[in-house]
């Protein structure tokens, strides 16, 4: 899971000797997707899990040798690869803004450079999903959002998407593998295929109620919604769990289905909707009598922003005398700020965030309310506890909820706008 | 890699007995992404590879039991699961249109229903990438397109994206894992980090040339492009392979860099560009002296259409008397056409495609030039040869190139428009 050029750079740097220079690389984004007011970091736990197994197998090394991707010296280095440096960054689930140093890798050039593709793949995708999920969760208010997008994303991305969605406020997922790997709550009952499989809708509803119980969710829009709702109540009585609407004008439909259910004595039967929802559709359903939202395509594709444009840049390295120096490229539309960053979220006396302070080769000043944002993930190659597996997801979900509460009220606006707080660089004073 | 509801449907259908009815499910899309003139099918080979290992491990079965996702009878069914039905579909790399039956699964409801999420995940993502890649390849004309988007997609999606890109005309990828799995050609030399690692640009260029040879590609926009090009030629002479531009106004830059290289005697040194390209940017560079395009973000996110909106619908099944019947739901904005499809691409005497004929429970009429589109992939559970691994990718790439040549000229227009040929249903005549 590395790009070809990481290994050719490694080869050239091993030959020049520069491969062993200590470096600091940082992950950040130059801007948020157009109109977004904040981003949500996700994927750190998956990266840390993967880093424990980031090794090159003999099959892979043979491929590199046969294809002459790199020379024997480089292959020997990869055979013994183990990351021994330090990793710091924003806690998973944390909000981020342009230039927030969400991950820092400190190690030799050799060990830092070959992580680039792997870690960016994870953070870029997972954060795109979490950032969309957070807006949807906010739009849904207290109603639960259910992740159902697996079929619209690569099969492994689907598992990561479910995880990211739960970090950013979703309550459950349809993806069983995500349930298994990360301890997520999974949900699901039936699709149109189940109704169509049976000779009649009544046969299908009976089969489902017999097998899954009266509190199941019946899908009522295969043929005629009104007939299906009446049939569902006739068969299940007032204990029917929920009905699901997956097509048509959801607002109008939810209104009259609610009235119909109530008139039949099914005040406790819930309504769940699942048709092409995004944060705007969810917001437009706020006044409709809907109990939960199933979200698919728009969630797993980041609701218009399917990747997070995070980049991985070298910001400091030892020079030939062994002294650490800031470095940055000067390309026209892609310039970077050199030097190791740290970061503080400025919090005012009302507990509201007012700025993202990013110190460059200097500690960002902090008042008593302010929050330090960098966490120790890996020290001298040793993973610190609490960031991976189901435990990591729970912690990230809690972190996300806390960070959201701290943002100014504007953060929850869905209309396009600037980042809800500014990112401010704090630079060391020059002494001439 | 299944959705929770597939297994609850299985449980209810096992209990009602309907699980063992023979069914036909089909994969199709109701429409192409807005403005697209054709789609490219990709992922079939990956699905067929995965189907060979589509089993439920004891760890997974324990999870289903502990979480009470399904009952013991269902778990027992899953423990012994093996697909024994038939799979037909469009050859991988084939062009598709709205309602093209790109994959058909024939088997019991039980064995067909649990494949839904897995196969849609694969086809939806891979086809999104291939469809974008095809437009980019056409825009690039005879210049090679290189896939470099791994970092902007989930780490496993990145491998699938590289594979889909090569099927749709890309010549190579930066993703080494994709090279290993599918025999793809991989490429890469160095990033800005390599230049910044060294004390000077000269040190960096020297290190790269020493290690990778004079025919390497030097990245010349870390500091000052003109100085870097002059330095590169000074160090490598006229054997320098290529220079890479990754920022700024690429058209203008390519022009003067080409002139500079020529004036220095480096007529053979190539120029490759890699900055945020999509099919439109590639088209706008057609007149610029560029030799190859490195494409990243826009490729792996489907250039505005990150998924293909393919659905998996039951279209026919046995009734309680064992007779096959067409079935379809009647939902308001999501109706389907029941009945098993077949498909023919109508080709006129000039060899140009004029229509996608989709027969519904009837063979679509074919003239001598017309092309039957359905291929046998799996018969009675047995995978037919030639569709998987590196062999499958090569065949798909060839199929794609042939199908593209057959399309009307309008297919290559990048401006928004209707599908380049219409999809026409051929329905059995009703006998009353």
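Chains as they are written, first to last, in UniProt numbering: chain A, 1 to 432; chain B, 1 to 432.
Virtual Cβ for every residue (Gly too), placed ideally from N, Cα, C.
Beta-carbon proximity check, residue i vs residue j, cutoff 8 Å
i	j	result
residue 245 of chain B	residue 232 of chain B	no
residue 192 of chain A	residue 222 of chain A	yes
residue 419 of chain A	residue 135 of chain A	no
residue 370 of chain B	residue 352 of chain B	no
residue 94 of chain A	residue 368 of chain A	no
residue 133 of chain B	residue 153 of chain B	no
residue 5 of chain B	residue 190 of chain A	yes
residue 13 of chain A	residue 109 of chain A	yes
Neighbour flag for residue i against chain B, beta carbons, 8 Å
i	result
residue 52 of chain A	no
residue 197 of chain A	yes
residue 187 of chain A	yes
residue 86 of chain A	no
residue 182 of chain A	no
residue 401 of chain A	no
residue 154 of chain A	yes
Neighbourhood of residue i by C-beta, 6 Å cutoff - its chain only, sequence neighbours within 5 removed
i	result
residue 106 of chain A	24, 85 and 86
residue 119 of chain A	47
residue 312 of chain B	25, 27, 116 and 120
residue 176 of chain B	186
residue 298 of chain B	278
Length of the line joining the Cα atoms of residue i and residue j
i	j	result
residue 63 of chain B	residue 366 of chain A	47 Å
residue 372 of chain B	residue 325 of chain B	24 Å
residue 259 of chain B	residue 141 of chain A	60 Å
residue 422 of chain B	residue 139 of chain B	23 Å
residue 104 of chain B	residue 114 of chain A	42 Å
residue 293 of chain A	residue 284 of chain A	12 Å
residue 82 of chain B	residue 381 of chain B	8 Å
residue 127 of chain B	residue 357 of chain B	21 Å
residue 426 of chain B	residue 355 of chain B	12 Å
residue 130 of chain B	residue 406 of chain B	18 Å
residue 424 of chain A	residue 346 of chain A	10 Å
residue 342 of chain A	residue 399 of chain A	19 Å
residue 394 of chain B	residue 15 of chain B	45 Å
residue 335 of chain B	residue 414 of chain B	30 Å
residue 34 of chain B	residue 266 of chain A	41 Å
residue 32 of chain A	residue 123 of chain A	14 Å
residue 234 of chain A	residue 206 of chain A	11 Å
Beta carbon proximity, residue i to chain A, threshold 8 Å
i	result
residue 210 of chain B	yes
residue 248 of chain B	yes
residue 114 of chain B	no
residue 192 of chain B	yes
residue 1 of chain B	yes
residue 81 of chain B	no
residue 11 of chain B	yes
residue 177 of chain B	yes
residue 20 of chain B	no
residue 104 of chain B	no
Residue range of the alpha helix (DSSP H) that includes residue i
i	result
residue 190 of chain B	No alpha helix (DSSP H) contains residue 190 of chain B, which DSSP labels as neither H nor E.
residue 77 of chain A	72-79
residue 327 of chain A	Run containing residue 327 of chain A: none; DSSP gives neither H nor E here.
residue 50 of chain B	44-52
Same chain only: Cβ atoms within 7 Å of residue i, ignoring 5 sequence neighbours per side
i	result
residue 327 of chain B	314, 315, 316, 317 and 338
residue 71 of chain A	11
residue 195 of chain B	201, 204, 219 and 222
residue 187 of chain A	146, 172 and 174
residue 376 of chain A	88 and 384
residue 137 of chain A	145, 168, 169 and 170
residue 56 of chain A	78, 79 and 81
Limits of the beta strand (DSSP E) - the one that residue i falls within
i	result
residue 105 of chain A	103-108
residue 375 of chain A	374-379
residue 343 of chain B	341-347
residue 86 of chain B	86-90
residue 321 of chain B	Premise fails: residue 321 of chain B is in no beta strand (DSSP E) and is neither H nor E.
residue 429 of chain A	Per DSSP, residue 429 of chain A belongs to no beta strand (DSSP E) and is neither H nor E.
residue 229 of chain B	Counting along the chain, residue 229 of chain B falls outside any beta strand (DSSP E), though it belongs to the alpha helix (DSSP H) covering 225-236.
residue 166 of chain B	Where residue 166 of chain B is concerned, there is no enclosing beta strand (DSSP E), although the alpha helix (DSSP H) it sits in stretches over 155-167.
Interface residues of chain D facing residue i [CB-CB closer than 7 Å]
i	result
residue 221 of chain A	The structure shown contains no chain D; its protein chains are A and B.
Same chain, Cβ closer than 8 Å to residue i, neighbours up to 5 away in sequence not counted
i	result
residue 197 of chain A	204
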